[in-house]
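Participant:
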Ligand SMILES: C[S@@+](CC[C@H](N)C(=O)[O-])C[C@H]1O[C@@H](n2cnc3c(N)ncnc32)[C@H](O)[C@@H]1O
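In the numbering used here, the protein residues as written are -2 to 212.
Written out as structure tokens, the structure is:
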């Protein structure tokens, strides 16, 4: 219910019609599951735009006390709800000592050490191209060179949006598509397809290290 109320009041920043499915959450956290299976050291994870915690729940299942888990959420109602979940919800409370919810926009967030994994649910297609550029800069400022960023986008959303929008909005969507294509050319390691989600989605997995030969 909290999610749907916030969608009504803050559609621009929420940008979804329903929380992510567990299939999407599992696919988005694939790189984290892989890292945890292959290392004994504590890991550092950042979740951007956790909303009501559909993907957070999956991240919490993978992490242990001693790992670092930062969550950056622009919407204070979601941030407060998540903070309560870490104290009150048994599915989240194992990490109450290591998880920190930051009620700030990602573009204003900084950290004193790089992250191994960033999982992002930001609705980029709702934003200006300048903000999208700024958000990608923030991802790669915060991600370590060996790290992985996993973000989702609803399938075919940009072509559909272009069909129903005016010239200015089409230009905006084209500029966003170009920014994403550039980062994908330089950094994409793979794409996951998730049909069992409303709407179906692709997850792009990008490396912290850019191939500067790919323009
Ligand atoms: C599409 S919802 C995703 C929610 C959740 N991750 C899920 O999959 O169900 C996008 C979330 O990003 C948050 N958000 C939007 N812009 C943001 C920004 N600049 N910095 C941090 N969070 C932001 C919204 O408040 C919202 O919770």
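Ideal Cβ positions, reconstructed from N, Cα and C, are used throughout, including at glycine. Nothing here was measured: the structure is a model prediction, and the numbers come from that model.
1) Pick from 183, 101, 197: whose alpha carbon is nearest that of residue 189?
2) Would you say the beta carbon of residue 27 is closer than 7 Å to some non-hydrogen atom of ligand 1?
3) So, at 7 Å on beta carbons, what are the nonlocal neighbours of residue 46 in its own chain, with the 5 sequence-adjacent residues on each side left out?
4) What does residue 115 pair with, by DSSP beta-bridge criteria?
5) Taking all protein chains shown into account, do 16 or more other C-beta atoms lie within 10 angstroms of the C-beta of residue 73, making it buried, or fewer, making it exposed?
6) Using the Cα positions of residue 160 and residue 192, report the straight-line distance between them to the nearest angstrom.
7) I'd like the list of long-range same chain contacts for residue 49, defined as Cβ closer than 7 Å, with 5 residues on each side in sequence excluded.
8) Look at the alpha carbon of residue 52 and the alpha carbon of residue 162, and state the distance between them as a whole number of angstroms.
9) Look up residue 87 in the DSSP assignment and say whether it is helix, strand or coil.
10) According to the Cβ coordinates, are residue 110 and residue 41 closer than 8 Å?
11) Following a CB-centred definition, is residue 73 positioned closer than 7 Å to any heavy atom of ligand 1?
12) Out of curiosity, what's the CA-to-CA distance linking residue 81 and residue 114?
13) Since residue 99 sits in a beta bridge, which residues does DSSP pair it with?
14) Taking the alpha carbon of residue 125 as the reference point, which residue from 84, 208, 100, 168 has its own alpha carbon closest?
Facilitator: Quick look at the numbers:
1) 197
2) no
3) 70, 117, 118, 119
4) DSSP links residue 115 through a beta bridge to 43, 146.
5) exposed
6) 22 Å
7) Excluding positions up to five away in sequence, the list reads -1, 0, 16, 75, 78.
8) 31 Å
9) coil
10) yes
11) no
12) 24 Å
13) For residue 99, DSSP records a beta bridge to 69.
14) For residue 125, the nearest C-alpha among the options comes from 168.
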